[in-house]
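There are 2 protein chains.
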Amino acid sequence: MRRIVVLSGGIGGARFLRGLLRAAPEAEVTVIGNTGDDIHLFGLKVCPDLDTVMYTLGGGIHEEQGWGRADESFSVKEELAAYGVGPEWFGLGDRDFATHIVRTQMMGAGYPLSAVTEALCQRWNPGVRLLPMTDDRVETHVLVDDEREGRRAVHFQEYWVRMRAGVPARAVVPVGADQSKPAPGVLEAIAEADVVIFPPSNPVVSVGTILAVPGIREAIADAGVPVVGLSPIVGDAPVRGMADKVLAAVGVEATASAVALHYGSGLLDAWLVDTVDAASVAGVEAAGIRCRAVPLLMKDTEATAEMARAALTIATEVDDV
Amino acid sequence: MRRIVVLSGGIGGARFLRGLLRAAPEAEVTVIGNTGDDIHLFGLKVCPDLDTVMYTLGGGIHEEQGWGRADESFSVKEELAAYGVGPEWFGLGDRDFATHIVRTQMMGAGYPLSAVTEALCQRWNPGVRLLPMTDDRVETHVLVDDEREGRRAVHFQEYWVRMRAGVPARAVVPVGADQSKPAPGVLEAIAEADVVIFPPSNPVVSVGTILAVPGIREAIADAGVPVVGLSPIVGDAPVRGMADKVLAAVGVEATASAVALHYGSGLLDAWLVDTVDAASVAGVEAAGIRCRAVPLLMKDTEATAEMARAALTIATEVDDV
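Residue numbers (the numbering used here), protein chains in the order written: chain A, 516 to 836; chain B, 516 to 836.
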């Protein structure tokens, strides 16, 4: 299990990765990061999930918040508001702005997002190879029923951050995904992997969006290596965030077993659920997915490392069959 | 003297304008701002002179420094440096960044600089109509003799801020000026003016650059109204900054009278020198330019208002001839 590929969203994926690096310090970890959450704000290209991984593994994250920079200030944002320039609902701090300024400048000079991400990581040394899922523009839109404005599509960040997922989501659409190509290195990393892990990231708007890039799902299925997932749902509720809201949009119950079946045995070889969901193990196994109940709360790095060890262990078992 | 047009650079012009607004609170003041100092930094469009005028008259200026924002912090710049992204010699603060972000975003959306400047001024209410000299790109380059790198052209900001005018300037070239057009409203404001004032701004890289935009010099000459200047040189040295360095590049002595003769009687009707330069009055008048010695140190707003009153007074005398 030397070469590990992880499909990651933001906070959940990033925290899991920190545990994984402790559990497998010798491994070569490639992270395929979701970019469907990316948004242009103030003329700048913002990549929330890539940055959360980079800041978390690079020691720059705001620990309590889970996203954004530690020791952050908000002068730029306050000034933008004084100019009447919004949106105000997206919390960009001064330190964070610098990342987006560098990224936007490099992209304006013609560098693809993958090259920009590599350049930014030169500073942060995250200890993983961080790749965007694609260099093409993919933007997750959510079809909502808005009381005042009726049914309309909004950017995922508007749904998630501004609306706080407070209105029903009728559909989640990764706009542009069908025309996108995996970023350089993505398919190669999957083909050379010893294991592919779905961390407890959002199965719809994080892992699901990555899988929507044509070629990635097929490459994982064809790699012939264990594919192991960790449930983001514990005791019928998301550990963090509002994954249940977008699961409903795709017709999936917010339970650990329903998410496993959503991925399906054609993709997933093994699945970890929390000990409170031990009763669901049998149902998942009946669907042809090896399953085990272990503690899945990432309360600190050591607890998270233990989750990663459990994922690698069950992967070995799959390999041995 | 109800309608006043002022050709302004940064600090000197901005401080003079504050005095002018006190001296003539009922006047309609149009400021034609130098944009030859503009520079792209970090992918953002920075207009130092326009911003200095806007911040100074709008109450946001760092008073002691004369440029940049009061209560400023530098998180963005520190973070950019941590990414290895420079230049580090240009002092952009967090609050200031917001201005450049808004400007760049608006220009990216297709708005000309004049429209952007008007939008930014909606926040600052500077009490004047602030127009860029042109919406076209003009960039002042300085031909320097660099000990290590030989003769080469550098951006004015590099010469002024990074090199601190520490190497001889052989020429000052407003690149692009010959192809530029006055911004909307500039020629109209001049044509309708009762008086045109050259404040104690740099005669080469501020007022000189504005006059290099085809049509502006001609409009001033054709307006048939008094054109009054205030010397930026007091006692054979610039009051502030390093105007002597760039005067040398155009073969003009750093004296109050030499600057008047540099503008010339074809353009200038009246000229104020400082009382320490009273001996030069006769020489300027011999060249056909009405001249008077008054205190020219802008030590506070009232002293500056007194300078503005003297400028308006001598303009009236010219008008009466």
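Backbone N, C-alpha and C fix where the C-beta goes; we use that ideal spot for every residue, glycine too.
Any non-hydrogen atom of the ligand GTP within 7 Å of residue i CB
i	result
G581/A	The ligand GTP is not part of the structure shown, which contains no ligands of any sort.
Best match in the options for proximity to residue i [C-alpha to C-alpha]
i	options	result
G750/B	V743/B, V774/B and V720/B	V774/B
G608/B	V521/B, A624/B and E594/B	E594/B
E662/B	V711/B, G558/B, G681/B and R537/B	G681/B
H670/A	E654/A, V767/A and G700/A	E654/A
L535/B	A668/B, D835/B, V833/B and M822/B	M822/B
A764/B	R755/B, G573/B and H777/B	H777/B
M648/B	V836/B, V546/B and V591/B	V546/B
E817/B	V521/B, A539/B and I526/B	A539/B
A794/B	S523/B, A808/B, E703/B and D784/B	A808/B
D651/A	V796/A, P627/A, E633/A and T828/A	P627/A
A668/A	H577/A, A684/A and V676/A	A684/A
A706/B	M678/B, V722/B, I735/B and I712/B	I735/B
P699/A	E633/A, A758/A and E664/A	E633/A
V796/B	G623/B, L745/B, L702/B and D566/B	L745/B
D815/A	V710/A, T828/A and G527/A	G527/A
Y570/A	L645/A, L702/A, T831/A and E703/A	L645/A
Q637/B	G573/B, E578/B and P810/B	G573/B
A830/A	V711/A, D792/A, P747/A and V722/A	V711/A
M757/A	Q672/A, A825/A, L702/A and A820/A	Q672/A
F589/B	E603/B, E579/B and E578/B	E603/B
One or two residues paired with residue i in a DSSP bridge
i	result
D660/B	R666/B
G548/A	S523/A and P647/A
W786/B	G744/B and C806/B
T655/B	P689/B
E543/B	R518/B
E753/B	The residue you asked about is not Glu; residue 753/B is Pro in the sequence shown. DSSP, once it has assigned bridges, lists I748/B as partnering P753/B.
I576/A	R584/A
P602/A	DSSP, once it has assigned bridges, lists no residue as partnering P602/A.
A684/B	V659/B
P699/B	DSSP lists no partner for P699/B.
Start and end residues, alpha helix (DSSP H) containing residue i
i	result
R639/A	Note that residue 639/A is Trp in the sequence shown here, rather than Arg. Per DSSP, W639/A belongs to the alpha helix (DSSP H) from L628 to W639.
R679/A	Premise fails: R679/A is in no alpha helix (DSSP H) and is neither H nor E.
V711/B	Per DSSP, V711/B belongs to no alpha helix (DSSP H); it is in the beta strand (DSSP E), V710 to F713.
L776/B	A771 to Y778
S716/A	First-last for S716/A: undefined, no H or E at that position.
Q620/B	D609 to G623
D737/B	I731 to D737
M822/A	T816 to D835
E594/B	S590 to A597
L811/A	Unbroken run through L811/A: none, as it is neither H nor E.
G798/A	V796 to A801
V722/A	V722 to L726
D759/B	A758 to A764
6 Å Cβ shell around residue i - same chain, five flanking residues per side excluded
i	result
V544/A	I519 and V643
S780/B	A802, G803 and I804
G551/A	V653, T655, P689 and T724
G606/B	none
V799/A	S772, A775, W786 and C806
M813/A	R530 and T819
V591/B	D609 and F612
Bounding residues of the beta strand (DSSP E) (the contiguous stretch that carries residue i)
i	result
I554/A	I554 to L556
V561/A	L559 to V561
Own chain partners of residue i with C-beta closer than 7 Å, once the 5 adjacent residues on each side are dropped
i	result
V687/B	T655, V657, V719, V720, V761, A764 and V765
Same chain, Cβ closer than 8 Å to residue i, five either side skipped, listed in chain order
i	result
V833/A	P741, V743, D784, A785 and R805
V659/A	R666, R667, A668, V669, Y674, M678, V682, P683, A684 and R685
V568/B	S523, G525, G528, A529, L532, V546, G548, P641, V643 and L645
>> Assess contact between the stretch 691–700 of chain B and the stretch 720–732 of chain B, defined as three or more Cβ pairs (one per stretch) separated by less than 8 Å. Is contact present?
In response: yes
> Between the stretch 592–612 of chain A and the stretch 605–624 of chain B, do three or more beta carbon pairs fall short of 8 Å?
Replying inline: yes
>> I'd like to know if the stretch 763–779 of chain A and the stretch 787–794 of chain A are in contact, where contact means that at least 3 CB-CB pairs between them fall below 8 Å.
In response: yes
> Can at least three beta-carbon pairs, one atom from the stretch 525–542 of chain B and one from the stretch 715–723 of chain B, be found at a separation below 8 Å?
Replying inline: yes
> Does the count of Cβ pairs from the stretch 550–559 of chain B and the stretch 616–627 of chain A closer than 8 Å reach three?
Replying inline: yes
>> Three or more C-beta pairs under 8 Å: does that hold for the stretch 735–753 of chain A against the stretch 579–589 of chain A?
In response: no
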